[in-house]
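Numbering (our numbering), first residue to last: 4 to 65.
1) From residue 20 to residue 62, what does the alpha carbon distance come to, in whole angstroms?
2) Do residue 22 and residue 46 have their C-beta atoms closer together than 8 Å?
3) Using CA coordinates, which residue listed in 30, 26 and 54 is at the minimum distance from residue 14?
4) Could you have a look at residue 30 and say whether DSSP puts it in helix, strand or coil?
5) Ignore the nearest five residues each way along the sequence and tell me which others in residue 39's own chain have a CB closer than 8 Å to its CB.
6) Run through DSSP, which three-state label would residue 44 get?
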């Protein structure tokens with residue numbers, strides 16, 4: 004089960020990084036500053052959740 008959480012956490016972190024890069028490079032000229040800030044907040048929360056899942060997976064190893 005702990006390996007499953009590591010995989011989910013790693014995929015979630017990868018998605019957050021990809022979305023962050025997309026927001027920075029692809030949406031910067033298309034969104035207003037307020038919408039871009041909202042998007043960045045969502046990406047930040049995604050990476051926080053991915054980190055929490057990875058911490059849970061490491062706690063289950065012990």
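For each residue, glycine too, the CB sits at the ideal point set by N, CA and C.
These numbers were taken from a predicted model, which means no experiment stands behind them.
This is what the structure gives:
1) The residue given as residue 20 occupies position 17 in the chain shown. The residue given as residue 62 occupies position 59 in the chain shown. If you take the alpha carbons of residue 20 and residue 62, they lie about 24 Å apart.
2) Position 19 of the chain shown, counted from the first residue, corresponds to residue 22. Position 43 of the chain shown, counted from the first residue, corresponds to residue 46. Less than 8 Å separates the beta-carbon of residue 22 from that of residue 46.
3) For the purposes of this step, residue 14 is taken as residue 11 along the chain shown, with counting starting at 1. The alpha carbon of residue 14 has as its nearest neighbour, out of 30, 26 and 54, the alpha carbon of 54.
4) As a first step, residue 30 must be located in the chain shown, where it is residue number 27. Residue state, collapsed to three classes: coil.
5) Along the chain shown, one-based indexing puts residue 39 at 36. The residues are 26, 30 and 31.
6) Walking along the chain shown from the start, residue 44 turns up at place 41. Taken through DSSP and simplified to helix, strand or coil, residue 44 comes out as helix.
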